[in-house]
Amino acid sequence: MNTNNQHDYDSGLVKLIQLLRETPERDAQVVESRKEQFLSELEDLFAEQPAEAVSGLRRLFLPRKNPSRQVLRPRLAFSALLAALLLAVFLFGGAGVTVYAAQSALPGDSLYAVKSRLERTRLSLTANDYQLASIQLSLAHVRLDEIEGLIREKRFRQVSETTRQFESHLAAAIEAMRRLAEKDPERASQIANQITLVLNRYTQVLSKMLADLPLEVKTEVEDTISNSPVLRKVSESNENANGNENENEARQENENEASNDNQNDNDNANENEARNENLNDNGKSQDDTKSLKDFSFIGFVESMSAQEWRISGIRVAVNAATRIDANIKAGDRVEVKGQYISGQTAQASEIRLRKTDRQENTNDRQTQGNENDNGANENERQNENRSGNQNENVNQNQNDNSNDNDKDDTNDNDKDDSNDNDND
Amino acid sequence: MEAINPLINPRALTKQALAEIYEQHSPGVFRYAYRLLGDQETAEDCVSDTFSRFLRAIRHMETPIDNIQAYLYRMAHNWVMDHFRKQPLPPLSLDDDLHPNQKDNPSSQVAKKMIQERVRAALLRLPAEQQQVIQLRFLEDWSHDEVAAALGKSPEATRALQHRAMESLRRLLIEKGNDK
Numbered sequence: 010m011n012t013n014n015q016h017d018y019d020s021g022l023v024k025l026i027q028l029l030r031e032t033p034e035r036d037a038q039v040v041e042s043r044k045e046q047f048l049s050e051l052e053d054l055f056a057e058q059p060a061e062a063v064s065g066l067r068r069l070f071l072p073r074k075n076p077s078r079q080v081l082r083p084r085l086a087f088s089a090l091l092a093a094l095l096l097a098v099f100l101f102g103g104a105g106v107t108v109y110a111a112q113s114a115l116p117g118d119s120l121y122a123v124k125s126r127l128e129r130t131r132l133s134l135t136a137n138d139y140q141l142a143s144i145q146l147s148l149a150h151v152r153l154d155e156i157e158g159l160i161r162e163k164r165f166r167q168v169s170e171t172t173r174q175f176e177s178h179l180a181a182a183i184e185a186m187r188r189l190a191e192k193d194p195e196r197a198s199q200i201a202n203q204i205t206l207v208l209n210r211y212t213q214v215l216s217k218m219l220a221d222l223p224l225e226v227k228t229e230v231e232d233t234i235s236n237s238p239v240l241r242k243v244s245e246s247n248e249n250a251n252g253n254e255n256e257n258e259a260r261q262e263n264e265n266e267a268s269n270d271n272q273n274d275n276d277n278a279n280e281n282e283a284r285n286e287n288l289n290d291n292g293k294s295q296d297d298t299k300s301l302k303d304f305s306f307i308g309f310v311e312s313m314s315a316q317e318w319r320i321s322g323i324r325v326a327v328n329a330a331t332r333i334d335a336n337i338k339a340g341d342r343v344e345v346k347g348q349y350i351s352g353q354t355a356q357a358s359e360i361r362l363r364k365t366d367r368q369e370n371t372n373d374r375q376t377q378g379n380e381n382d383n384g385a386n387e388n389e390r391q392n393e394n395r396s397g398n399q400n401e402n403v404n405q406n407q408n409d410n411s412n413d414n415d416k417d418d419t420n421d422n423d424k425d426d427s428n429d430n431d432n433d
Numbered sequence: 103m104e105a106i107n108p109l110i111n112p113r114a115l116t117k118q119a120l121a122e123i124y125e126q127h128s129p130g131v132f133r134y135a136y137r138l139l140g141d142q143e144t145a146e147d148c149v150s151d152t153f154s155r156f157l158r159a160i161r162h163m164e165t166p167i168d169n170i171q172a173y174l175y176r177m178a179h180n181w182v183m184d185h186f187r188k189q190p191l192p193p194l195s196l197d198d199d200l201h202p203n204q205k206d207n208p209s210s211q212v213a214k215k216m217i218q219e220r221v222r223a224a225l226l227r228l229p230a231e232q233q234q235v236i237q238l239r240f241l242e243d244w245s246h247d248e249v250a251a252a253l254g255k256s257p258e259a260t261r262a263l264q265h266r267a268m269e270s271l272r273r274l275l276i277e278k279g280n281d282k
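Going down the list, the sequences are from chains D and B. Here the first sequence is numbered in our numbering, starting from 10 and rising by one per residue. Here the second sequence is numbered in our numbering, starting from 103 and rising by one per residue.
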């Protein structure tokens with residue numbers, strides 16, 4: 010700070026000016042929504058570059074027989090998008106609100122493209138595998154929210170595609186976890202726990218969804234699910250799990266790599282049976298809701314309050330009935346058991362301190378073994394076996410991404426072109 | 103303020119770098135804007151528009167930027183000036199003599215708020231460059247040299263600018279200057 014000359018002036022006047030120094034604390038929600046808006050613009054900016062390159066190439070190699078038509082197409086496409094955006098702004102009351110409103114858009118809504126773009130930006134700006142896996146898992150939760158929303162609004166046609174996207178996020182998270190396991194097994198284990206929760210919820214949503222879907226859409230969704238690499242592997246793993254339940258534990262990512270070959274060998278033989286079993290189970294699992302709602306995971310305490318704890322990024326509700334070990338503090342490793350309430354809130358029934366990795370692994374296996382014995386539900390077996398599915402999931406994910414990008418590039422280009430037109 | 107300002111080629115900024123610039127500088131731009139605007143929501147609009155303009159500007163920018171923070175503050179200041187061209191400046195009430203020796207430590211929040219509003223109103227009545235000097239020197243605590251670099255002037259010219267700004271403020275706040 011350079012105040013050499015401040016005393017040249019009336020110090021009282023400087024004090025008056027400095028009354029303006031303090032500024033109010035910013036509203037976190039507004040800050041986040043404005044940031045998303047900026048990231049969305051950033052995405053647009055960088056999406057423009059390849060578009061310009063392509064049109065440059067086109068100019069070089071293609072004769073411009075009808076230049077007016079080339080200009081017209083993006084204008085038309087953009088005017089449709091602009092109309093949709095203007096309507097959204099009109100409806101929601103401001104430019105910043107567009108992005109905010111997009112957060113709750115469902116597939117098929119006019120603002121869903123904005124939401125998808127924001128998500129892609131979030132992912133593209135994430136370099137480390139832990140964050141990437143966490144974001145992919147949170148997006149998987151968002152897809153599940155959307156599936157529930159679509160069913161609530163009886164918009165069944167989009168369910169199949171959203172289910173596919175959910176699986177794509179899950180597969181990407183598993184792949185990121187696999188990479189992370191090589192460098193940081195501790196954090197990979199946290200991700201594995203979060204995957205357990207996502208899969209638990211997926212099973213719940215699936216069972217509810219299949220019960221609610223009208224017959225004509227049900228077949229399509231069942232096809233999507235049965236062709237899904239994630240679920241297929243999960244259901245195949247269930248077959249294996251009958252033989253060696255405890256060996257496929259979720260947190261042993263490194264060890265499971267070696268077992269991929271064996272599992273692939275079994276693929277063809279088990280495929281049909283596995284799919285049928287999976288679908289049948291889903292169809293009848295309405296009766297199993299109690300066991301499906303159970304969860305258990307191990308993680309690190311991040312924050313604690315009277316109503317809610319945050320453990321390895323997962324919010325867990327606590328109440329007077331929750332049995333909590335004494336002296337737990339933030340940073341401790343704990344095991345949490347509990348149940349989902351109304352599909353989303355994870356209500357803890359007990360939170361126990363867990364000391365060392367070795368102890369944790371031993372206890373963990375025991376815990377899951379018991380759960381299988383008691384609940385005998387599919388869900389938990391799925392969770393245990395997911396690590397073996399990595400290779401195929403990854404391939405599926407890469408394909409999915411490239412498809413998505415193709416579609417999105419088109420949209421972005423339209424928008425960008427028309428932005429330019431607009432400015433002109 | 104950053105101690106060293108390496109020249110930045112705006113066209114070479116990656117998506118990641120631009121996202122980091124937003125993270126790093128948007129709180130400062132908010133503070134800068136709020137001190138002039140006195141309204142949180144309008145200040146947030148200013149932050150959004152400033153970064154939006156920044157993104158559009160760097161696409162066509164040929165010359166390197168030596169101080170991104172100063173560049174963003176200047177853009178934010180221009181936004182505020184535009185804002186007050188479209189609507190009247192906040193009133194500078196003259197019914198109360200604001201002698202700093204009597205009121206430099208206001209006891210109540212209400213009194214403090216009133217004085218803040220009056221100082222803000224007075225500051226906004228200065229020419230744009232004088233406003234910038236006052237903000238950067240006394241609210242951002244930049245040195246004369248830093249302010250000079252940000253405004254593209256010599257340190258001597260910046261001192262003279264500050265002197266004129268302080269004289270004007272004294273007239274407006276303490277000696278019951280005219281409400282323009």
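Idealized CB from N, CA, C, for every residue including glycine. Bear in mind the structure is a predicted one, so any value in this text is a computation, not a measurement.
Boundaries (first-last residue) of the alpha helix (DSSP H) holding residue i
i	result
M163 (chain B)	It is not in any alpha helix (DSSP H) - M163 (chain B) carries neither H nor E in the DSSP assignment.
A114 (chain B)	Looking at the DSSP string, A114 (chain B) is not in any alpha helix (DSSP H), and its letter there is neither H nor E.
S312 (chain D)	Not the alpha helix (DSSP H): S312 (chain D) falls in the beta strand (DSSP E), residues 303 to 313.
F240 (chain B)	Where F240 (chain B) is concerned, there is no enclosing alpha helix (DSSP H), given that its DSSP letter is neither H nor E.
F186 (chain B)	170 to 188
T135 (chain D)	Note, T135 (chain D): premise wrong, no alpha helix (DSSP H); not H, not E.
F175 (chain D)	168 to 192
L275 (chain B)	257 to 275
D247 (chain B)	246 to 253
Beta-carbon separation (whole angstroms), residue i vs residue j, contact threshold 8 Å
i	j	result
N202 (chain D)	I360 (chain D)	Not a contact, Cβ separation roughly 14 Å.
D358 (chain D)	R332 (chain D)	Sequence check: residue 358 (chain D) is Ser here, not Asp. Indeed they touch by this definition, with Cβ atoms about 7 Å apart.
L138 (chain B)	R222 (chain B)	7 Å
L275 (chain B)	L25 (chain D)	6 Å
P116 (chain D)	Q167 (chain D)	4 Å
E219 (chain B)	P192 (chain B)	6 Å
R152 (chain D)	F175 (chain D)	4 Å
L263 (chain B)	V235 (chain B)	5 Å
Min CB distance residue i to chain D below 8 Å
i	result
Y175 (chain B)	no
L241 (chain B)	yes
K117 (chain B)	yes
Q142 (chain B)	yes
R273 (chain B)	no
E146 (chain B)	yes
V221 (chain B)	yes
M268 (chain B)	yes
K214 (chain B)	yes
R227 (chain B)	no
I170 (chain B)	no
Cutoff 8 Å: residue i Cβ touching any chain B Cβ
i	result
Q140 (chain D)	no
Q46 (chain D)	yes
E50 (chain D)	yes
P116 (chain D)	no
I26 (chain D)	yes
T205 (chain D)	no
R303 (chain D)	According to the sequence as given, residue 303 (chain D) is Asp; it is not Arg. Closer than 8 Å: no.
S143 (chain D)	no
P194 (chain D)	no
R43 (chain D)	yes
V123 (chain D)	no
Buried or exposed by the 16-neighbour rule on C-beta atoms within 10 Å, applied to residue i
i	result
D168 (chain B)	exposed
A315 (chain D)	exposed
K124 (chain D)	buried
K163 (chain D)	exposed
L109 (chain B)	exposed
G254 (chain B)	exposed
I160 (chain B)	buried
M186 (chain D)	buried
Q38 (chain D)	exposed
E191 (chain D)	exposed
Opening and closing residue of the beta strand (DSSP E) in which residue i lies
i	result
I320 (chain D)	317 to 320
V343 (chain D)	342 to 350
V325 (chain D)	323 to 326
ask   = When you check each C-beta in the region 148 to 161 of chain B against every C-beta of chain D, which residues fall closer than 9 Å?
value = V149, S150, F153, S154, L157, R158, I160, R161
request  = Taking only beta carbons into account, state which residues of the region 210 to 232 of chain D come closer than 7 Å to chain B, listed in chain order.
outcome  = none
message = Which residues of the region 110 to 135 of chain B have a Cβ closer than 7 Å to any Cβ of chain D? Give them in chain order.
response = K117, Q118, L120, A121, Y124, F132, R133
key: chain B contacts from the region 157 to 168 of chain D (Cβ-Cβ distance under 8 Å)   = none
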